[in-house]
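Trainee: This is the structure I want to talk about, given as structure tokens.
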Amino acid sequence: MMDIDVPGHIEKVAELEGHDDRAWCVAWNPTKPVLASCSADKTVRLYHFSKTDADTENPSVTFVHNTTISTGHTKTVRSIAWAPSGTTFATGSFDSNIGIWEQESSDEDDEMHGEGVKTGEWECMSLLEGHETECKCVAYSTSGTLLASCSRDKTVWVWEVHPDADFECMGVMMEHSQDVKCVAWHPTEEILASASYDDTIKLYIDDPSEDWFCFTTLTGHTSTVWSLAFSPNGRYLASSSDDCTIRIWERIEQHKWECVKVIEGQHERSIYSLSWGVGKRRGDDGKGEFGGWLASTGGDGKINIYEIYEPPSSSDPKGREPPTHTLIATLPSAHGVHDINHVSWCPRQGYEDLFATAGDDGIVRVWRINLNGQ
Amino acid sequence: MEIYNPNPTVYKSTRPTVRYPKESSLWLVDDLDDRQDKDEDEVEEIDQDEIFDLIRSITDPEHKHMTLEDLMVVTAPQIHISPAKNVVDIEFTPTVPHCGMSTLIGLSIRVRLLRSLPQRFKVDIRVKPGSHQSEHAINKQLNDKERVAAALENPALLTAVEDCLVSADHRD
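Protein chains in written order, with UniProt numbering: chain A, 1 to 374; chain B, 1 to 172.
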């Protein structure tokens with residue numbers, strides 16, 4: 001294997017086997033130490049994790065399988081997303097439905113303290129029907145009041161979350177001319193982005209007097225756009241494509257986004273997934289404002305981690321430099337010969353260097369970025 | 001059912017079928033036992049004839065008494081392998097430029113290779129440039145793993161693929 005001169009390396013923390021078929025997606029619970037995965041085997045698997053040797057300088061993280069949920073979806077479970085509360089998750093399936101899952105309370109829960117994880121059974125509280133064909137992605141807004149979904153039926157739906165797992169459809173956007181592969185919410189505002197087989201990205205907002213509408217279409221990718229990830233501060237949107245590039249779009253005005261960077265030559269096949277985490281800053285070397293870590297992966301089985309720096313924010317937006325990206329770690333064949341379908345940074349404090357991947361081998365792997373000298 | 005090409009040109013296969021000694025044709029499911037005898041570190045080379053042999057007997061979905069080889073939809077020279085990258089590139093030629101069966105043919109080729117090639121191979125499938133009016137759409141569809149996965153969960157489509165593959169699984 002060719003040596004690539006990068007400052008960090010990606011070390012495996014856990015290998016989570018158990019799915020009987022391709023693993024499509026992983027989701028970290030935002031409030032509890034729980035990782036979820038979904039698969040073509042129609043199940044969702046939940047793992048608990050904790051730091052062992054927490055007092056030492058280099059604590060290790062241990063993952064334990066908690067439960068396997070037979071979802072009742074009749075086809076592949078393609079996507080899974082936790083609500084910000086951490087008490088509910090949504091599943092999007094090729095059977096075109098969306099499941100809303102909550103945990104029954106159990107007697108044992110009363111005895112748990114602090115971060116205690118409940119032990120009750122997971123139940124499907126609600127089944128959202130509406131898509132005509134495969135649901136490809138589900139995503140909760142940051143406030144948790146909205147759920148977005150998309151499908152091969154070319155539509156993007158916005159659902160309002162009501163108490164008792166009740167959902168109301170607030171809008172159906174029929175803007176794309178082909179499958180919609182991915183939906184993602186802006187981290188601080190109610191801006192929704194969608195990516196499609198029609199090679200475009202569309203952004204939507206809610207007009208208080210009207211309905212949800214598409215306010216801009218981002219073109220530039222030359223093939224299917226598979227994945228979207230907003231930067232943690234919401235100033236940038238990253239997209240990845242079958243054209244083997246990553247594009248970074250910057251919000252240059254309230255409702256105007258422009259492509260400011262194309263990252264090429266880092267992947268040899270479709271880039272199926274991106275995740276943009278807050279990362280950990282390496283010293284202060286005057287590169288500008290630290291913008292976090294962007295992870296990419298896909299059909300070539302490689303994981304890349306880029307360190308992002310933003311130009312000084314004081315400069316004029318028009319003449320501003322694009323953000324810089326530095327490859328700080330890379331790992332080929334991270335799931336052996338298999339495609340990697342999803343990558344996701346752990347959102348929990350103290351775990352910023354941890355991420356998980358889901359592969360065609362049915363395995364979920366958890367990794368840590370080890371920067372040299374640590 | 002609409003007939004896309006009622007009178008296809010039938011080509012006589014002049015090339016004798018290449019038969020491999022059992023030991024090296026380890027791409028077939030029945031040869032699993034042989035595979036286990038091998039040194040695990042040894043990576044078997046594979047050539048275009050061997051891949052052609054896997055797909056030539058797939059039934060044409062429109063002309064069910066003929067194979068893709070009979071109609072020259074697939075030929076050995078249209079198969080390219082990059083051993084270093086473990087990529088197999090298959091080009092096929094629809095019999096007519098408006099053939100509505102092209103995606104089904106491509107899907108059958110993909111499923112055949114999914115089931116018989118070692119997992120390390122990534123397979124790209126395309127129609128011959130200029131051979132179909134919807135070339136771009138067909139190519140895109142056949143190489144979108146999510147669409148392929150969903151298609152194979154569609155019972156009607158899976159049955160149609162299996163029908164094409166029966167002949168491939170029972171080659172002489």
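All residues carry an ideal CB built from backbone N, CA and C; glycine is no exception.
Could you tell me whether any Cβ in chain B is nearer than 9 Å to the Cβ of tyrosine 197 (chain A)?
Mentor: yes
Trainee: Taking 7 Å as the limit between beta carbons, can you name the residues of its chain near serine 344 (chain A), skipping five residues before and five after?
Mentor: Val26, Ala27, Trp28, Ser275, Phe355 and Ala356
Trainee: DSSP three-state label for threonine 216 (chain A), please.
Mentor: strand
Trainee: Taking the alpha carbon of proline 7 (chain A) as the point to measure from, which residue in A:Tyr306, A:Trp185, A:Gly144 and A:Val183 has its own alpha carbon closest?
Mentor: A:Tyr306
Trainee: Assuming valine 88 (chain B) contacts phenylalanine 121 (chain B) under a Cβ cut-off of 8 Å, what Cβ separation, rounded to an integer in Å, is found between them?
Mentor: 5 Å
Trainee: Decide if asparagine 7 (chain B) is buried, meaning its Cβ has at least 16 other Cβ atoms within 10 Å, or exposed.
Mentor: exposed
Trainee: Identify the continuous beta strand (DSSP E) that holds isoleucine 303 (chain A) and give its terminal residues.
Mentor: 303–310
Trainee: How many angstroms separate the CA atom of leucine 127 (chain A) from the CA atom of glycine 99 (chain A)?
Mentor: 5 Å
Trainee: For chain B, check one thing: does any of its Cβ atoms lie closer than 9 Å to the Cβ of methionine 2 (chain A)?
Mentor: Because the pLDDT of methionine 2 (chain A) is 48, which lies under 50, any placement of that residue in the model is unreliable, and the number read from its coordinates should be weighed accordingly. No, its Cβ sits nowhere closer than 9 Å to a Cβ of chain B.
Trainee: Let's test the definition: count the other Cβ atoms within 10 Å of the Cβ of glutamine 374 (chain A) and tell me whether it reaches 16, buried, or not, exposed.
Mentor: At glutamine 374 (chain A) the pLDDT is 47, less than 50, meaning the model places this residue with poor confidence and gives no usable figure here.
Trainee: At what residue ranges does the segment 209–261 of chain A contain a whole run of the beta strand (DSSP E), taking only runs of 3 or more?
Mentor: Correct list: 212–218, 225–230, 236–241 and 246–253.
Trainee: Express the C-alpha separation of serine 227 (chain A) and cysteine 259 (chain A) in angstroms, rounding to a whole number.
Mentor: When the Cα atoms are used, cysteine 259 (chain A) and serine 227 (chain A) turn out to be separated by approximately 16 Å.
Trainee: Could you tell me the boundaries of the alpha helix (DSSP H) in which histidine 136 (chain B) lies?
Mentor: 135–142
Trainee: Could you tell me the alpha carbon to alpha carbon distance between aspartate 53 (chain A) and glutamate 11 (chain A), rounded to whole angstroms?
Mentor: Cα to Cα, the separation comes out at about 18 Å.
Trainee: Between the Cα of arginine 282 (chain A) and those of A:His19, A:Gly299, A:Thr326 and A:Glu160, spot the shortest distance and give me the residue it belongs to.
Mentor: A:Thr326
Trainee: Tell me which residues share the same chain as threonine 324 (chain A) and place their Cβ nearer than 6 Å to its Cβ, disregarding the 5 neighbours each side in the sequence.
Mentor: Tyr309
Trainee: Output the residue ranges of the beta strand (DSSP E) runs that lie fully inside the segment 78–109 of chain B and measure 3 residues or longer, sorted by chain position.
Mentor: Taken in chain order, the complete beta strand (DSSP E) segments of 3 or more residues contained in the segment 78–109 of chain B are 79–82 and 87–92.
Trainee: Using the DSSP secondary-structure output, state which residues sit across from serine 126 (chain A) in a beta bridge.
Mentor: Residue pairing by DSSP places serine 126 (chain A) opposite A:Ile100 in a beta bridge.
Trainee: Does valine 44 (chain A) come within less than 9 Å of chain B when only Cβ atoms are used?
Mentor: no
Trainee: Within 9 Å of any Cβ in chain B, is that where the Cβ of arginine 365 (chain A) sits?
Mentor: no
Trainee: List the residues of chain B that glutamate 134 (chain A) touches, going by C-beta distances under 7 Å, in chain order.
Mentor: The contacting residues are Ala150.
Trainee: Using three-state DSSP, classify glutamate 62 (chain B) as helix, strand or coil.
Mentor: coil
Trainee: Just to check my reading of the structure: serine 296 (chain A) and isoleucine 246 (chain A) have Cβ atoms closer than 8 Å, yes? What is that Cβ distance to the nearest angstrom?
Mentor: Correct: roughly 6 Å between the Cβ atoms.
Trainee: For the UniProt repeat "WD" (218–250) of chain A, which residues have a CB atom closer than 7 Å to at least one CB atom of chain B, in sequence order?
Mentor: Thr224
Trainee: Given that a residue counts as buried once 16 or more other Cβ atoms are within 10 Å of its Cβ, and exposed if not, what is glutamate 23 (chain B)?
Mentor: Any reading at glutamate 23 (chain B) must be qualified, since the residue scores a pLDDT of 39, below 50, and its modelled position is unreliable; the value itself is stated next. Glutamate 23 (chain B) should be labelled exposed.
Trainee: In its own chain, which residues sit with a C-beta less than 7 Å from the C-beta of glycine 220 (chain A), not counting the 5 before and 5 after it?
Mentor: Only Arg247 and Cys259 meet the Cβ criterion.
Trainee: Where does alanine 358 (chain A) fall in DSSP's three states?
Mentor: strand
Trainee: Tell me the DSSP secondary structure of cysteine 137 (chain A) in three-state form.
Mentor: strand
Trainee: Which chain B residues are close to lysine 75 (chain A), counting only those with a beta carbon under 8 Å from its beta carbon?
Mentor: The answer, in chain order, is Ala150 and Glu153.
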